[in-house]
Amino acid sequence: MNEQRLTEKQFWALGGLAVLSPLLRLLPGRACWLSGSGAWLSCLAAMAPLAGFAVLLHPVRRKGPLGPQLSHRGRVGQVVLALLTLWFWIYGGVLLRSGAARFVTAMNVFRGWLPYGILLLLMAVPAALHGPKPLFRAAEFFLPVLTAALALTLIAAVGLMDWSSLKAIPKPGKLLHGAVPLWNLGCGMLFYSAFFHTGEAPKLRKQLRWLLRLCLTAAAICAAAAGMLGAEVTAKLSQPFFVLLRNLSLSDALERFEALIVGMWVLPDFAMLAMLLLLSRETAKLAAKKPGRMFVLPGALVMLLFASVLGKTAFRLTLWSEQIVPIATLALTISVTVFLLLPKKR
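To convert, note that position 154 of the sequence shown is 162 in my numbering; the numbers rise steadily by one, no gaps.
Quick look at the structure:
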């Protein structure tokens, strides 16, 4: 995506905004299920493997965006680009279905997931058609708003937490197991962002700084949920973050402010979906050697179709959201990165 260069601030702003979509959906429930009340420690422990992947990806990023690099790898590179296009569409379908299920359950606005999914696509498709620059610039404005909302949530939770429940340190196996969800999210976001081009050479310290903020944010969310609701209850709830919000109040004038924050769930979902459409637009363009804009609308339709056949039962939706997507994301990000590190055949 060389036609519109981005600033470093815009680059990491969209990453921080988009990652909130899977982060608030999977954490703290998934982390507490894996490592109990020590989930916040697992989030901090995830920094080590995330830093390792950043170091592995950095030499690849210094060569330029990943899309053109793959297109220069012959037929194998073309196949990888096609597979990535398909994966971005599948992931978009999972995001549509799971994000809609979360929104409908929390807000009870729609009777089904389809209206929310269509509205989300109506916002994401024009953003993808206009290219990355407007979306990344918008993220600069949206991210501080969501950061402030999360800060309010954590401040309100401090006085209601049972701090003694957070003192238990899980065994090393459970500690590392609980770090896997955040490891997956961070690796995926670093990999996706490597397809975009900034106006300056990528710096490893900025990647590590972004990862540290991600780990600290995830640790704070897990600690607040485990301290207020208990790790066992948090692990069993389908929407633990929303339940946490419903039990918070900052003052008599600002009680039950979950509607404000839940309404802003739309922004991360929109950012993540638009980014996936942009990524699939780029990979499909390079794989088929045709204009990328022509793949945006078909990609959105594939996402909607896959979402419609995905979540007929809660078990299938959970299977895709918590197991298939994380495993596939790690496999793709690491394997493609290693592939690009290999020397080209003459």
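The beta-carbon is built from N, C-alpha and C at its ideal position, and this holds for glycine as well. Source: prediction; values computed, not measured.
DSSP-derived helix/strand/coil call for residue i
i    : result
T206 : strand
L14  : strand
S246 : coil
L216 : helix
H80  : coil
M55  : helix
W171 : helix
N255 : coil
K141 : helix
V27  : coil
W48  : helix
W121 : coil
K179 : coil
P351 : coil
G238 : coil
R33  : helix
G72  : coil
W273 : coil
Buried versus exposed call for residue i [16 or more other C-beta atoms within 10 Å across all chains shown]
i    : result
S192 : According to the sequence provided, residue 192 is Asn. The question's Ser does not apply to it. Buried, since its Cβ has 16 or more Cβ neighbours within 10 Å.
A282 : buried
F144 : buried
W97  : buried
L262 : Since pLDDT at L262 reaches only 47, below the 50 mark, its modelled position is unreliable, and the value read off the structure follows with that caveat. Classification of L262: exposed, given that the 10 Å Cβ count is below 16.
V344 : buried
Q18  : buried
I126 : exposed
A187 : buried
T206 : buried
A146 : buried
R33  : buried
V346 : exposed
R69  : buried
R254 : exposed
G82  : exposed
R310 : The question names Arg, yet the displayed sequence has Val at residue 310. By the neighbour-count rule (16 or more Cβ atoms within 10 Å), V310 is buried.
L349 : exposed
V63  : exposed
G196 : buried
G101 : buried
P140 : buried
V84  : exposed
V304 : buried
R221 : exposed
A315 : buried
T225 : buried
R289 : buried
L130 : exposed
G120 : exposed
Supposed contact pair residue j and residue i - C-beta distance, whole angstroms, cut 8 Å
i    : j    : result
A202 : L78  : Not quite, the Cβ-Cβ distance comes to about 11 Å (not below 8 Å), so this is no contact.
F199 : T341 : 4 Å
R301 : L137 : 6 Å
G46  : P178 : 4 Å
L183 : L65  : At roughly 25 Å, the Cβ-Cβ gap does not stay under 8 Å, so L183 and L65 are not in contact.
L104 : L312 : 7 Å
L284 : Y99  : 6 Å
Interface flag, residue i vs chain D, CB-CB below 7 Å
i   : result
L78 : You won't find chain D in this structure, because it holds only one protein chain.
Quick one: which unbroken alpha helix (DSSP H) runs of 4-plus residues sit fully inside the region 276 to 329? Chain order, please. Correct list: 304 to 318 and 322 to 327.
Below 8 Å, can you find three or more Cβ-Cβ pairs linking the region 228 to 246 to the region 148 to 168? As far as the Cβ criterion goes, the region 228 to 246 touches the region 148 to 168, which means the pair count is three or higher.
Quick check: the region 280 to 297 against the region 87 to 94, are at least 3 beta-carbon pairs closer than 8 Å? Cβ pair count under 8 Å is three or more, so yes.
Are three or more beta carbon pairs between the region 335 to 347 and the region 52 to 60 nearer than 8 Å? Judged by Cβ distances under 8 Å, the region 335 to 347 makes no contact with the region 52 to 60, as fewer than three pairs qualify.
Whether or not the region 213 to 221 and the region 243 to 250 are in contact is what I'm after, with contact meaning three or more pairs of Cβ atoms, one per stretch, closer than 8 Å; do they touch? No: the two stretches stay apart, fewer than three of their Cβ pairs being nearer than 8 Å.
Do the region 150 to 160 and the region 17 to 31 make contact, defined as three or more Cβ pairs closer than 8 Å? Below 8 Å, enough C-beta pairs join the region 150 to 160 and the region 17 to 31 to call them touching: three or more.
Within the chosen definition, does the region 28 to 39 reach the region 169 to 180 through at least 3 CB pairs nearer than 8 Å? No, the region 28 to 39 is not in contact with the region 169 to 180.
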